[in-house]
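Presented below is the structure to which this report refers.
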């Protein structure tokens, strides 16, 4: 049986606020294939709890010119002042915007009404119903919550590995814990630079202050041995300049060595620099083409004191 086609569509999300209330979620078609509106299901996950799905029965569709389509009782959409009084346009196309008004009795799966607030954690899943596949998953908003001792790229940052031949963007969970059997793998090639870049998705809102920071520390747990890498380098970018903080780093076998901690407060002095922080771990391959050797990073984290 031929599998269902999964649309390749680019989406852009936005949240509108009224005071501290989440008033509306907007999802804009920004490129790629058209999608039948009846094939769309949107799931919001709020503070770990999944809301009832949104579909043509409870979202609105705004045209690129700012007008809204008229919704028929059967879930189809009619375009006013178009080719005729009964002109149906059920396509979600470039420039169209799906609008979810979250102030209108949002119901959870437990049957209770909730009001979405500016400080809630909100994830969105944009589902193609025929294939039951998520076209896009996005973090719409993250609450302040309790600040962790170590901030890692998971879940709001990113991990980019230039050595991958398939997907350079790696799951952030790989560097979220020490000795959790999850880690990145960088393929080592002779005389080739390999690097991984990490961002952390930290915002001034998370910290609750825009003041200067008293301590910012960086921890990295990695493994490299057998002289398969040379010139191991750790650098950071603070929004204005790259700075190398370690060069010719020693080889590490995680099980035998303590984590490496670097104090970077002199380079990351305030929340603006922390918001823009990028950490880069790089080296030159020093193994044969057929060795199949890899190095890996188990953990990358930032410790912040206000």
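Residue numbers (our numbering): 450 to 755.
Note that CB positions come from ideal geometry on N, CA and C, so glycine has one too.
Given the structure is predicted, the values throughout are model-derived calculations rather than measurements.
Euclidean distance between Cα positions of residue 725 and residue 547
Those two C-alpha atoms are separated by around 31 Å.
Handout entry: Continuous beta strand (DSSP E) stretch holding residue 516: start and end
Key = Boundaries cannot be given for residue 516, as no beta strand (DSSP E) includes it and DSSP labels it neither H nor E.
message = Beta-carbon within less than 6 Å of residue 541's beta-carbon, same chain only, minus the 5 sequence neighbours each way: which residues are those?
response = So the list reads 478, 484, 486, once near-sequence residues are dropped.
Measure the C-alpha to C-alpha separation of residue 558 and residue 492 and round it to an integer number of angstroms. Caution applies to residue 558, whose pLDDT of 47 falls short of 50 and renders its modelled position unreliable; the model cannot decide the point.
- Ends of the alpha helix (DSSP H) at residue 692? For residue 692, there is no enclosing alpha helix (DSSP H); the enclosing beta strand (DSSP E) has its first and last residue at 691-696.
task = Report the residue from 608, 597, 463, 749 whose alpha carbon sits nearest the alpha carbon of residue 618.
result = Out of 608, 597, 463, 749, the CA that lies nearest to the CA of residue 618 is found in 608.
Backbone CA spacing between residue 663 and residue 598 [nearest angstrom]: Computed Cα separation, rounded: 15 Å.
Task: Start-to-end residues for the beta strand (DSSP E) that takes in residue 682 - done: That run of the beta strand (DSSP E) goes 678-686.
- request: Tell me residue 750's beta-bridge partners as DSSP assigns them.
  value: Beta-bridge pairing by DSSP links residue 750 to 668.
Next on the checklist: Determine whether the beta carbon atoms of residue 668 and residue 603 lie at a separation below 9 Å.
Outcome noted: Contact annotation: residue 668 and residue 603 have beta-carbon atoms that are not nearer than 9 Å.
Task: Beta-carbon contacts of residue 458 that lie in its chain and below 7 Å, excluding the five residues immediately before and after - done: Within the same chain, residue 458 has close Cβ partners 478, 481, 482, 484, 584.
- Residue environment, residue 501, which counts as buried when at least 16 other CB atoms sit within 10 Å: Result: exposed.
Worksheet item: Are residue 709 and residue 670 close, meaning C-beta to C-beta below 9 Å?
Response: For residue 709 and residue 670, yes; Cβs fall inside 9 Å.
Review point. When we look at the beta-carbon of residue 573 and count the other beta-carbons within 10 Å, is it buried (16 or more) or exposed?
Key: Residue 573 comes out buried.
Which class does residue 721 belong to by DSSP, given the choice of helix, strand or coil? Residue 721: helix per DSSP, three-state reduction.
Notebook entry, point to check: Quick one, are the C-beta atoms of residue 731 and residue 645 less than 9 Å apart?
Noted result: Yes. Within cutoff.
Please classify residue 466 as buried or exposed, where buried requires at least 16 other C-beta atoms within 10 Å of its C-beta. Around the beta carbon of residue 466, a 10 Å sphere encloses fewer than 16 other beta carbons of the protein chains shown; the residue is thus reported as exposed.
- Have a look at 538, 750, 514 and flag the residue whose alpha-carbon is nearest the alpha-carbon of residue 520. Closest by alpha carbon: 538.
| said: As an exercise, report each continuous beta strand (DSSP E) stretch of at least 3 residues that is fully enclosed by the stretch 626-652, in chain order. | reply: Runs of the beta strand (DSSP E) inside the stretch 626-652: 642-648.
For the ligand COA, is there any heavy atom lying closer than 8 Å to the beta carbon of residue 458? The ligand COA is absent from the structure shown, which contains no ligand whatsoever.
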